[in-house]
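K.L.:
My questions will all concern the structure given below.
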Amino acid sequence: MRVSVSCLPPLGERLNAPDALDLPDGATLAHALERLRIPPGMEVLVLLDGQAAHPAQPIAPGQSIRLLPMVDGG
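If you use numbering that gives the first Met the number 0, the sequence shown corresponds to residues 0 to 73, in order.
What follows is the structure, given as structure tokens:
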């Protein structure tokens, strides 16, 4: 199955993330994150179809994964 992927800068450049991933049927968000090779310790907010999602969340064909960098500030 194919899902779309988008990353906000500078995350997309750091990950060299593709625009889409081909995953096996029954894949979870954790499978997708593993394929994207997010470095250990890198904190990202992961949205599945615009909603915050848990890594164990199953993915359906055509869904959209969006990665947002965590930002510090005050």
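All C-beta atoms in this analysis are idealised placements derived from N, C-alpha and C, irrespective of residue type, glycine included. Since the structure is predicted, the reported quantities are computational estimates derived from the model, not experimental observations.
Between the Cα of S3 and those of P68, M41, V45, P38, spot the shortest distance and give me the residue it belongs to.
P.N.:
Position 4 of the sequence shown, counting from 1, holds the residue named residue 3. Cα-wise, what sits closest to S3 is V45.
K.L.:
Along the chain, where does the beta strand (DSSP E) containing A19 start, and where does it finish?
P.N.:
The count along the sequence shown starts at 1 and reaches residue 19 at position 20. From DSSP, the beta strand (DSSP E) with A19 extends over 19-21.
K.L.:
When you compare the CB positions of R1 and D21, do they come within less than 8 Å of one another, or not?
P.N.:
What you label residue 1 is simply residue 2 of the sequence shown in a count that begins at 1. What you label residue 21 is simply residue 22 of the sequence shown in a count that begins at 1. Going by C-beta atoms, R1 is nearer than 8 Å to D21.
K.L.:
Under DSSP, the alpha helix (DSSP H) around R1 begins and ends at which residues?
P.N.:
Numbered from its first residue, the sequence shown carries residue 1 at position 2. Taken as a continuous stretch (DSSP letters only), R1 belongs to no alpha helix (DSSP H), being part of the beta strand (DSSP E) at 1-6.
K.L.:
May I ask which residues mark the beginning and end of the alpha helix (DSSP H) holding R65?
P.N.:
Within the sequence shown, the letter at position 66 stands for residue 65. Not the alpha helix (DSSP H): R65 falls in the beta strand (DSSP E), residues 63-68.
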